[in-house]
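Asker: Residue numbers (the working numbering), protein chains in the order written: chain A, 377 to 725; chain B, 9 to 540.
Before I ask anything, let me first share the structure, which is written out below as structure tokens.
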Amino acid sequence: MELLPTIWFIAIAVLWTGYLFLEGFDLGVGMLMKAFARNNTERRVLLNTIGPVWDGNEVWLLTAGGATFAAFPLWYASLFSALYLPLLVVLLALIFRAVAFEYRGKVDTDSWRNRWDWAIALGSLFAAFGVGAALALTTTGLPLNANGDREGGPLAWFSGYAVLGGLAVVGFSLLHALAFLALKTDGEVRHRARQWFVRLLPVLLLPIAAWALAIQFMDGKPWTWAAVVLAVAAAATAWLLARNGSEGRAFLALGAFLVLGTASIFGAVFPVVLPSTVDSAFDLTVSNASSSDYTLGLMSVVAAFGLPLVIAYQAWTYWVFRRRVSAASIPEAHSFLPAIAARAFTTKG
Amino acid sequence: MDALEIARWQFGITTVYHFMMVPLTIGLGLVVAVIQTAWYRTGKPEYLRMTKFWGKLFLINFIMGVATGIVQEFQFGMAWSEYSRFVGDVFGAPLALEALLAFFVESTFLGLWIFGWKQLKPAIHLACLWVAVIGSALSAYFIIVANSWMQHPVGVEMINGRPVMTDAWAVFTNNTALVAVPHTLFGALAVAGGFLLGIAWYHLWRRRHDGVDTVGADGRVVPGEDARIPGRDRADHNVWIRSLRIGAVVAMISFAGTAVTGDLQGKLMFQQQPMKMAAAEAACHDGTGFSILSVGNVGSKNCDDVVAVIEVPGILSFLAKGDFTTEVKGVNSLLPEYKANYGTHLPDNPIYGERAGQEIQYVPVMEVTYWGFRMMIGFGGLAALAALVALWVTRKGTVPESRWLMRLAVFGILAPFGANAAGWIFTEMGRQPFVVAPNPDPSGIDQVFMFTAAAVSPGVSAGELIASLVALTAVYAVLLVVEVKLLVKYIRGGVVSAMPELGHAPADENEDQTPGGTGGAKPADDVLAFAY
């Protein structure tokens, strides 16, 4: 097995894990805007926990996509073109969600805010579901021909695994968001988030566990089976910690669950990056889909310096905004707009 | 329309749209950083107000650039999978590095700047903005490295029919990129300059119109106060006149910058893509003259249909070579060369779909290249000229009472946007029928090229592409309306719309936020409302 393509397979697995770890909770917080938050103040508490960081978190998705393009162009090309419609939904969802964060507070009416709250909630939901479906399908396979192109029309990608993967990321994101809110807020929201976390953990982790197990039954190796067992142990630990009120540790234990879970999935399918359900001879693998060693070497050098730096300054951001947010720290709506010149363009001078 | 044409329309629409937001982000970000630095150094309240006001508009626009940027990265794989497979080894790297080294920096440090007014020390808070601004310039560099490789492929060898990177230094210092990056950054600054100028003009006009500012016997402005509206004091006048002057100076400097770098680009284009040069001039025959106005059908295949009404001899040679006599090859001389080098018909390869075996049209759509080139220069020049006039007209501290002049200044904001869009449409459509252009000049590697007809995703149906084209265009249109409405609302609201604290306790403005002070954090101050 070639060294550099293997390193980049691991790097991409790390990027996806980083994405799910970080954007997982901000997608989840987004989904909770309608279901969990009970009034506008609580919604602003939710938003303020992720406000400074969600955009930086989303760049992990761009980096995972860009790194796949650079390191495994054939993987990138086949996966993205085969999943044209689901990825279109992800894009639209991410667009609405991003704009909604920024614009919801810009006009001081309930109907305006309500509209953008729905955009945040549904945008987060569809983005998480679509990303999950795409990730699951890259592990279970797509109907690809010899050139790596999808056969069978726009919906040929659809399978039970797409739904399972979608639910997996939605479920994990919701749970991760509850852990995050318990850690980052105070008062009523904190209390309720912890309560929901303890109550809902088994349900919300069920799909992701099912996905990991299904992959093990197909391609499992001894160490990936071990990772699944450890992941389950991490989830149980997270549940116990949350029940005893150790919110920070519960959050970390859930993070460990994610790392072990994704490791078990990516580890099991290795060295295949995208199986073809038409003919296993058309499978894209770490070796036949990768870029040249020269390109991978260049990227390795840059990433070896760049990625730790990114992690360092993003960690610093979380440190700067470490203070818990509570309803008491939410001021009056900030819209103070005397219409100096509401009709400047129409009135006669 | 077949899949290829729909995919091209989609790429064009989404890219031009994305690149309305991006230049404003890059240009305005730099301007806000400079203004905040001025506030940090002098502590003058008008600089704080300018930072907050222009910063607010910057953020309303920034998010649209972010939201539409993800589409750009994804659609290479989604709609252009053959292109991605062909160029991935060399083209993917700048994209990945853009995300890793630029987008992370930009988004993380902007988050710190937006929310860190109270949490960070003023110097660090300011530094965060500068880091974010540098990040956005870096992202421009990386994406233009990628684009320049499509214009002028370098640093690769063909192995098994695909270009494989062999010289990263050549790719990242591609001469096409080294001149296109400053050209694009100056173009972005021109957008910011026009934006400041137009909006500041409006507010100065409004102050006069409402009788807040008056003009003395010597023609000089006498700034006044409007007690009814918070923040509409004498400092407010300073905010706008300074913004106007900064905007005008920025607009003029950036036009000069785009002219110098554009001239260098023209000379490279003459070597690297002679057909684009000929198409920019709609020139059939070899010649030296640059036409300012042509009539007739510039897109016609028949040369006699085009009549140059005003033509300046020698200028085309100057653009291409730096003298006034070099004959610049016209389409008629170039066509046989292209046919000899790259074939007369598309190969009989399934990758070309229904187009396999069709005759290749080497001449780009000349209506677009000819007028695109002139609109770019025309809009850019008009904006710079208007900025000069604006500086002169406002030398005594305010703008004339004319409502029409005010409207002109406000609508003039669009001119640099138009110049940017026209320039990119020209350079991308002028590259056709290639997606990766071959370089006849020895500075390129001649046989590395790809026809656009081969680049589209073979597995994606026209129906999928239509669905995404319609969906993206509709969503973009709605969001443009929302963004413009919000911008207008906050622009009309004036400084206080970005600084509600002016409305509550005007005296606090300086006590609370002196650049050197600690900005004492009360619990209720843990406010993240600057953004949300």
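We treat Cβ as the ideally placed atom computed from N, Cα and C, and that holds for glycine.
Here the structure is a predicted model, which means the values were calculated and not measured.
1. Would you check if the distance between the CB atom of Pro321 (chain B) and the CB atom of Gly297 (chain B) is smaller than 8 Å?
2. Can you list the alpha helix (DSSP H) stretches of 4 or more residues lying completely in the region 66–107 of chain B, in chain order?
3. Less than 8 Å between the C-beta atoms of Gly404 (chain A) and Leu550 (chain A), yes or no?
4. Would you give the residue range spanned by the beta strand (DSSP E) that Leu755 (chain A) belongs to?
5. DSSP on His293 (chain B), reduced to helix/strand/coil?
6. Write down the C-beta distance between Val153 (chain B) and Asn182 (chain B) rounded to the nearest angstrom, noting that I regard them as a contact closer than 8 Å.
7. Compare the C-alpha of Leu674 (chain A) against each of B:Gln273, B:Gln83, B:Ile421 and B:Asp97 and name the closest.
8. With burial defined as no fewer than 16 other Cβ atoms inside 10 Å of the residue's Cβ, what is the status of Tyr694 (chain A): buried or exposed?
9. Is it true that the CB of Ala614 (chain A) sits closer than 8 Å to the CB of Phe642 (chain A)?
10. Are Val39 (chain B) and Val258 (chain B) closer than 8 Å when you measure CB to CB?
11. With respect to the alpha helix (DSSP H) encompassing Arg214 (chain B), which residues constitute its N-terminal and C-terminal limits?
12. Starting from the Cα of Val492 (chain B), find the closest Cα among A:Arg625, A:Lys482, A:Leu391 and A:Val435 and give me that residue.
13. Just checking my contact of Ser251 (chain B) with Ala200 (chain B) at CB under 8 Å: how many whole Å lie between their CB atoms?
14. I want to see whether chain A comes within less than 8 Å of Gln127 (chain B), judged by CB atoms only; does it?
15. Ala555 (chain A): which of A:Ser667, A:Val635, A:Pro684 and A:Ala618 sits nearest, CA to CA?
16. For chain B, find out if any of its Cβ atoms is closer than 8 Å to the Cβ of Val435 (chain A); answer yes or no.
17. Residue ranges of each alpha helix (DSSP H) run of no fewer than 4 residues wholly in the region 326–398 of chain B, ordered along the chain?
18. Does any residue of chain B bring its CB to less than 8 Å from the CB of Ala446 (chain A)?
19. Would you call the region 485–499 of chain A in contact with the region 461–474 of chain A, where contact means no fewer than 3 C-beta pairs closer than 8 Å?
20. Residues in the same chain with beta-carbon distance under 8 Å from Ile383 (chain A), minus the five sequence neighbours each way, listed in chain order, please.
21. Suppose contacts are defined by Cβ-Cβ distances below 8 Å. Is Pro549 (chain B) in contact with Asp484 (chain A) by that definition?
22. Using DSSP with H/G/I as helix, E/B as strand and the rest coil, what is Ala463 (chain B)?
23. May I have the straight-line CA-CA distance separating Ala394 (chain B) from Leu36 (chain B), to the nearest angstrom?
24. Anything in chain A within Cβ reach of Leu487 (chain B), meaning under 8 Å, just list it in chain order.
25. Are Thr377 (chain B) and Phe434 (chain B) close, meaning C-beta to C-beta below 8 Å?
26. Which class does Arg699 (chain A) belong to by DSSP, given the choice of helix, strand or coil?
27. Against Leu674 (chain A), what residues of chain B qualify as contacts under a CB-to-CB distance less than 7 Å, listed in chain order?
28. Which chain B residues sit within Cβ distance under 7 Å of Ser668 (chain A)?
29. Since Arg320 (chain B) sits in a beta bridge, which residues does DSSP pair it with?
30. Roughly how many angstroms separate the alpha carbons of Arg93 (chain B) and Pro449 (chain A), rounded to a whole number?
31. In the region 516–582 of chain A, which residue ranges form an unbroken alpha helix (DSSP H) of at least 4 residues, counting only runs that do not cross its ends?
32. Applying the 10 Å Cβ sphere with the 16-neighbour rule, what's the burial state of Thr516 (chain A)?
33. Helix, strand or coil for Glu233 (chain B)? Go by DSSP, reduced to three states.
34. Step through the CB atoms of chain B and report whether any lies within less than 8 Å of the CB of Asn620 (chain A).
35. Give a yes or no on whether 8 Å exceeds the smallest Cβ distance from Phe697 (chain A) to chain B.
36. Do Ala461 (chain B) and Arg363 (chain B) have their C-beta atoms closer together than 8 Å?
Answerer: If we stick to the structure as given:
1. Walking along the second sequence from the start, residue 321 (chain B) turns up at place 313. Walking along the second sequence from the start, residue 297 (chain B) turns up at place 289. Contact annotation: Pro321 (chain B) and Gly297 (chain B) have beta-carbon atoms nearer than 8 Å.
2. Secondary structure in the region 66–107 of chain B: the alpha helix (DSSP H) runs of 4 residues or longer, each lying completely within the stretch, are 89–105 in chain order.
3. Walking along the first sequence from the start, residue 404 (chain A) turns up at place 28. Walking along the first sequence from the start, residue 550 (chain A) turns up at place 174. Annotated as proximal: Gly404 (chain A) and Leu550 (chain A), with beta-carbon spacing under 8 Å.
4. An answer regarding residue 755 (chain A) cannot be provided, because it is not within the stretch 377 to 725 covered by chain A.
5. Looking up residue 293 (chain B) in the second sequence gives position 285. In the structure shown, His293 (chain B) adopts coil according to DSSP, grouped into three states.
6. Sequence index remark: in the second sequence, residue 153 (chain B) carries index 145 (1-based). Sequence index remark: in the second sequence, residue 182 (chain B) carries index 174 (1-based). Rounded to whole angstroms, the Cβ separation of Val153 (chain B) and Asn182 (chain B) is 6 Å, and the two are in contact under 8 Å.
7. Counting from 1 along the first sequence, the entry for residue 674 (chain A) is found at position 298. When each option's Cα is compared against that of Leu674 (chain A), the closest is B:Asp97.
8. Start at 1 with the first residue of the first sequence, and residue 694 (chain A) comes out as number 318. It counts as exposed.
9. Within the first sequence, the letter at position 266 stands for residue 642 (chain A). Within the first sequence, the letter at position 238 stands for residue 614 (chain A). Cβ distance not < 8 Å, so Phe642 (chain A) and Ala614 (chain A) don't count as in contact.
10. Taking the first residue of the second sequence as position 1, residue 39 (chain B) is located at position 31. Taking the first residue of the second sequence as position 1, residue 258 (chain B) is located at position 250. Remark: C-beta atoms of Val39 (chain B) and Val258 (chain B) approach each other more closely than 8 Å.
11. For this step, residue 214 (chain B) is matched to residue 206 along the second sequence. Arg214 (chain B) -> alpha helix (DSSP H) spans Asn183 to His217.
12. As a first step, residue 492 (chain B) is located in the second sequence; it is residue number 484 there, counting from the start. When each option's Cα is compared against that of Val492 (chain B), the closest is A:Lys482.
13. In the second sequence, the residue the question calls residue 251 (chain B) occupies position 243. In the second sequence, the residue the question calls residue 200 (chain B) occupies position 192. Taking C-beta atoms under 8 Å as the contact rule, Ser251 (chain B) and Ala200 (chain B) fail to qualify, at a distance of about 11 Å.
14. To locate residue 127 (chain B), count along the second sequence from 1; it is residue 119. Yes, because at least one Cβ of chain A sits closer than 8 Å to the Cβ of Gln127 (chain B).
15. Residue numbering aside, residue 555 (chain A) sits at position 179 when the first sequence is read from its first letter. Per the C-alpha coordinates, the member of A:Ser667, A:Val635, A:Pro684 and A:Ala618 positioned closest to Ala555 (chain A) is A:Ala618.
16. Here residue 435 (chain A) refers to the residue found at position 59 of the first sequence. Interface residue, yes.
17. Here the runs fully enclosed are 339–350.
18. One-based indexing of the first sequence puts residue 446 (chain A) at position 70. With 8 Å as the cut-off, Ala446 (chain A) counts as an interface residue toward chain B.
19. Between the region 485–499 of chain A and the region 461–474 of chain A there are three or more inter-stretch CB-CB distances shorter than 8 Å, so the stretches are counted as touching.
20. To locate residue 383 (chain A), count along the first sequence from 1; it is residue 7. Shown here for Ile383 (chain A): same chain residues with a beta carbon closer than 8 Å to its own, the five before and five after excluded, namely Leu672 and Ser676 in chain order.
21. Chain B is shown from 9 up to 540; residue 549 (chain B) falls before or after that span and cannot be answered.
22. Numbered from 1 along the second sequence, position 455 holds the residue referred to as residue 463 (chain B). Note: Ala463 (chain B) maps to coil in three-state DSSP.
23. To locate residue 394 (chain B), count along the second sequence from 1; it is residue 386. To locate residue 36 (chain B), count along the second sequence from 1; it is residue 28. Ala394 (chain B) and Leu36 (chain B): Cα-Cα distance of roughly 19 Å.
24. Mapped onto the second sequence, residue 487 (chain B) falls at position 479. Within chain A, Ile471 and Val475 have C-beta atoms less than 8 Å from the C-beta of Leu487 (chain B), given in sequence order.
25. Here residue 377 (chain B) is taken as the residue at index 369 of the second sequence, counted from 1. Here residue 434 (chain B) is taken as the residue at index 426 of the second sequence, counted from 1. Against a cut-off of 8 Å, the Cβ pair of Phe434 (chain B) and Thr377 (chain B) comes out as a contact.
26. For the purposes of this step, residue 699 (chain A) is taken as the residue at position 323 of the first sequence. In the three-state reduction of the DSSP assignment, Arg699 (chain A) falls in the coil class.
27. Position 298 of the first sequence holds residue 674 (chain A). Simply Ala101 and Ala176.
28. As a working note, residue 668 (chain A) is residue 292 in the first sequence. The answer, in chain order, is Asp97, Val172 and Met173.
29. Locating residue 320 (chain B) in the second sequence gives position 312, where the first residue counts as 1. Reading off the sequence shown, one finds Val at residue 320 (chain B), where the question assumed Arg. Beta-bridge pairing links Val320 (chain B) to B:Phe298.
30. Here residue 93 (chain B) refers to the residue found at position 85 of the second sequence. Here residue 449 (chain A) refers to the residue found at position 73 of the first sequence. Their backbone Cα atoms lie some 5 Å apart in a straight line.
31. The qualifying runs are 536–560.
32. The residue labelled residue 516 (chain A) in the question sits at position 140 within the first sequence. It is buried - the Cβ of Thr516 (chain A) has at least 16 other Cβ atoms within 10 Å.
33. Locating residue 233 (chain B) in the second sequence gives position 225, counting from the first residue. Residue state, collapsed to three classes: coil.
34. Counting from one through the first sequence, the residue named residue 620 (chain A) turns up at place 244. Not a single CB atom of chain B sits nearer than 8 Å to the CB of Asn620 (chain A).
35. Looking up residue 697 (chain A) in the first sequence gives position 321. Yes, its Cβ sits closer than 8 Å to a Cβ of chain B.
36. The residue you call residue 461 (chain B) lines up with position 453 of the second sequence. The residue you call residue 363 (chain B) lines up with position 355 of the second sequence. Cβ atoms of Ala461 (chain B) and Arg363 (chain B): closer than 8 Å.
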